[in-house]
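Chains A and B, in that order, are what the protein sequence lines are.
Heads up: the first sequence begins at 3 in this note's numbering, then just goes up one per residue.
Heads up: the second sequence begins at 334 in this note's numbering, then just goes up one per residue.
We put the beta carbon where it would ideally sit given N, CA and C, even for glycine.
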Amino acid sequence: KNEVEQSPQNLTAQEGEFITINCSYSVGISALHWLQQHPGGGIVSLFMLSSGKKKHGRLIATINIQEKHSSLHITASHPRDSAVYICAVSGTDKLIFGTGTRLQVFP
Amino acid sequence: EPEVTQTPSHQVTQMGQEVILRCVPISNHLYFYWYRQILGQKVEFLVSFYNNEISEKSEIFDDQFSVERPDGSNFTLKIRSTKLEDSAMYFCASSANAGGRGAEAFFGQGTRLTVV
C-alpha cells in the first residue's frame, strides 16, 4: 500500500472551473507539500503546510491532520494550470511522494 | 530568486559507463537530496546529505551510487557502471533545515539520464 495516495489520477476541466485534488497519507508527518511538475519535468514547490489552510493567488491548500487528508483547490482554472500536481509528505528528512494528478484545462 | 541548478539537462550514456550528475544547491542551504523519477512513475527518494555525510539513503541507493560535495558548492551523484534501468530523471533538491522539521525543499530542473 502506498504511503501517499492521490485522487484523481487524471483530471480534465474547462477553463474557469473549480478544481479539487485530494491527498491521503498513512504515515506520521511534520509537513505536507504540494508540488507542480510541468511537461519539461521540473518540479516547483507550491505549498508546504502542517495545519490549516494556505492561499496563494488562485491556489488554496488545506490539511486535516486528524484525518490525514489534504486538498489542493484551483479556483477559476486556466489552461496554463495544466500540469501534474504532486502531494508529498515529510516525516524524516526525505519527502515521500504520491503518484501525482495530471490536470488538463481546456479553453 | 535563488535556485538549484543541475547539469547536464540531458545525458546519454552507454551501459556500463560511469556518469556524474552535478548540482549547485542554494548557497545557504545545509541539507541536500537526490531523487529520481522513472518515466511514468512517481518520484523516489535516493539519498539525503548533511554535514558532509549521508544522513539517510533508500534501498535503491546501493554500492553503484555515491554522492559527494567536493568543493562546498557542488553536490554530485555518481553512478558507476550504469544499467538500462538507471534511465530516469534525476532531481537534486536542497533545504535550509531538515525535512523532518518541515522545511521547504527547492528542486532543480532535473537531469534526464538515458542509458543505451
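Residue 348 of chain B burial status per 10 Å Cβ neighbour count (16 or more: buried): exposed
Residue burial classification, residue 103 of chain A (beta-carbon count within 10 angstroms, cutoff 16): buried
Given residue 96 of chain A as reference, the closest of B:381, B:361 and B:335 once Cα atoms are compared: B:381
Host beta strand (DSSP E) of residue 412 of chain B (start-end): 408 to 412
Chain A residues whose Cβ lies nearer than 8 Å to that of residue 443 of chain B: 43, 44 and 45
Simplified DSSP state of residue 334 of chain B, which is helix, strand or coil: coil
Collapsed DSSP secondary structure at residue 355 of chain B in the structure displayed: strand
When A:45, A:108, A:15 and A:65 are compared against residue 27 of chain A, the one with the closest alpha-carbon: A:65
Anticipated Cβ contact below 8 Å, residue 377 of chain B with residue 393 of chain B, distance rounded: 6 Å
DSSP three-state assignment for residue 372 of chain B, whether helix, strand or coil: coil
Chain-ordered chain A contacts of residue 422 of chain B [CB-CB under 8 Å]: 43
Interface residues of the segment 344 to 361 of chain B facing chain A [CB-CB below 8 Å]: none
Endpoints, the beta strand (DSSP E) within which residue 96 of chain A is located: Where residue 96 of chain A is concerned, there is no enclosing beta strand (DSSP E), given that its DSSP letter is neither H nor E.
Sheet register partners of residue 445 of chain B (DSSP bridge): B:343 and B:422
CB contact flag (residue 445 of chain B, residue 43 of chain A, <9 Å): yes
Beta strand (DSSP E) segment containing residue 38 of chain A, residue limits: 33 to 39
Limits of the beta strand (DSSP E) - the one that residue 54 of chain A falls within: 54 to 58
Cβ shell of residue 80 of chain A (< 7 Å), same chain only, five flanking positions each side left out: 17 and 107
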